[in-house]
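Remarks on the structure that follows.
2 protein chains.
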Amino acid sequence: MATLKYSRQRESIKEYLSKTRSHPTADSVYLHVKEEFPNISLGTVYRNLNLLADIGEAVKIATPDGGDRFDGRTEPHYHVVCTSCGNVFDLELDPQYMEAVNQTANQYFDGTIDNHTSLFYGTCSECLKKNSSKDLK
Amino acid sequence: MATLKYSRQRESIKEYLSKTRSHPTADSVYLHVKEEFPNISLGTVYRNLNLLADIGEAVKIATPDGGDRFDGRTEPHYHVVCTSCGNVFDLELDPQYMEAVNQTANQYFDGTIDNHTSLFYGTCSECLKKNSSKDLK
DNA sequence: CTCAATGCAAAGTTTTTGCACGGTT
DNA sequence: AACCGTGCAAAAACTTTGCATTGAG
Chain A
1 MATLKYSRQR ESIKEYLSKT RSHPTADSVY LHVKEEFPNI SLGTVYRNLN
51 LLADIGEAVK IATPDGGDRF DGRTEPHYHV VCTSCGNVFD LELDPQYMEA
101 VNQTANQYFD GTIDNHTSLF YGTCSECLKK NSSKDLK
Chain B
138 MATLKYSRQR ESIKEYLSKT RSHPTADSVY LHVKEEFPNI SLGTVYRNLN
188 LLADIGEAVK IATPDGGDRF DGRTEPHYHV VCTSCGNVFD LELDPQYMEA
238 VNQTANQYFD GTIDNHTSLF YGTCSECLKK NSSKDLK
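Here the protein sequences line up with chains A and B, keeping their order.
Heads up: the first sequence begins at 1 in our numbering, then just goes up one per residue.
Heads up: the second sequence begins at 138 in our numbering, then just goes up one per residue.
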């Protein structure tokens, strides 16, 4: 395989991903890193995001509407996607349940289940508020 | 809200979704329904797929690579996405675990968790075979 | 008759890719 | 020097949408 070389752009992307909890889209990452590297291109951001996901230093989270989201948090954890606003949240699940579920899932997937990318859909509290106020009219 | 009118195209889409276990993409649905309705357009397929998802008669499953997948199975169940080939599989999870996990997730999402769309990533057995033979060379 | 659904094509969004150049090793 | 990474722009992949027409109620 090709040898990985250092690049300031990739470093900046990694740093941003590791610090934010917002599970940004590729475009959000682009906008942020652009502040430090005004000439960076969206293509470079995509290439690095996919590269980081490939080597396990980031997680790509697919959402049903809008683009994919990325997460730089490396400890195993689940996610919840709000189907109303599209935002992604970390889910603090009792390790005991995560273990049990992963074990069951692995009966079918032979130990390959990636518990970073397990994912639920729901409606976040902010959207619940908005929706209930809409229901009133 | 607008009143729903019958259409043979939508009926055909629904029937296909309810019979297949392949979790097809919009394009696969299009190709299939095209056999019965040669003039059907991809736009119509998308419109109906989204409509069915909105009224809860189908589930839209986002995958990190390739297009979204659709499922017509209506009983609550989880899915596993193969990150190698992109295929989606049903996951028969002990209801007791599903219940426990949903309950925990719902502490954060206030009872809105949709247990049709909860989703894991892994590598399916077919891809495991292919990958291991690649590793040998 | 009314309005939802369709087919078609154009446009929108998101992501990938080819290529020449610059940066890291 | 070798070759990976970048910026740019074009292209690809996927999905939505406007509009005239057809079809259900």
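Note that beta-carbon positions come from the ideal geometry of N, C-alpha and C, so glycine has one too.
Closest by C-alpha distance to residue i, when choosing among the options
i: Tyr215/B; options: Glu172/B, Asn268/B, His253/B; result: His253/B
i: Arg210/B; options: Asp231/B, Gly204/B, Lys197/B, Asn176/B; result: Lys197/B
i: Arg21/A; options: Thr44/A, Tyr6/A, Ala58/A, Asn39/A; result: Ala58/A
i: Gln233/B; options: Ala53/A, Leu31/A, Thr104/A; result: Thr104/A
i: Glu11/A; options: Thr3/A, Asp27/A, Phe120/A, Leu52/A; result: Leu52/A
i: Leu119/A; options: Asn187/B, Leu168/B, Val217/B; result: Val217/B
i: Arg69/A; options: Glu92/A, Tyr30/A, Asp94/A; result: Tyr30/A
i: Val225/B; options: Asp231/B, Tyr245/B, Gly259/B; result: Gly259/B
Rounded separation between residue i and residue j - CA only
i: Lys151/B; j: Asn239/B; result: 28 Å
i: Ala237/B; j: Ser144/B; result: 40 Å
i: Asp251/B; j: Thr220/B; result: 22 Å
i: Thr200/B; j: Pro24/A; result: 17 Å
i: His172/B; j: Glu212/B; result: Per the sequence presented here, residue 172/B reads as Glu, with His not at that position. Straight-line Cα distance between these residues: approximately 28 Å.
i: Asn185/B; j: Gly86/A; result: 21 Å
i: Ile192/B; j: Gly66/A; result: 20 Å
i: Val182/B; j: Asn39/A; result: 41 Å
Interface residues of chain A facing residue i [CB-CB closer than 7 Å]
i: Thr181/B; result: None at all; the shortest Cβ gap to chain A is about 20 Å.
Contact with chain A by residue i, beta-carbon distance below 8 Å
i: Leu265/B; result: yes
i: Lys274/B; result: Because Lys274/B sits at a pLDDT of 38, beneath the cut-off of 50, its placement in the model cannot be relied upon, and the point is left open.
i: Leu230/B; result: yes
i: Ser255/B; result: yes
i: Val217/B; result: yes
Contact list for residue i against chain B, beta-carbon separation under 8 Å
i: Thr123/A; result: Phe246, Asp247, Thr249
Cutoff 8 Å: residue i Cβ touching any chain B Cβ
i: Thr25/A; result: no
i: Cys85/A; result: no
i: Asp54/A; result: no
i: Ala62/A; result: yes
Beta-carbon neighbours of residue i, restricted to chain B and to distances below 7 Å
i: Ala100/A; result: Tyr234
i: Lys14/A; result: Within chain B, no residue comes near Lys14/A; the closest Cβ sits about 19 Å away, beyond 7 Å.
Closer than 9 Å at the beta carbon, the chain A residues around residue i
i: Thr211/B; result: Those within 9 Å of Thr211/B in chain A number zero; the least Cβ separation is about 16 Å.
Closer than 9 Å at the beta carbon, the chain B residues around residue i
i: Phe70/A; result: Going along chain B, no residue has its Cβ under 9 Å from Phe70/A, so there is no contact; the nearest lies around 10 Å.
Q: Just list the beta strand (DSSP E) runs in the region 37-107 of chain A, keeping only unbroken ones of 3 residues or longer that don't cross its boundaries, in chain order.
A: 59-61, 69-71, 78-82, 88-91
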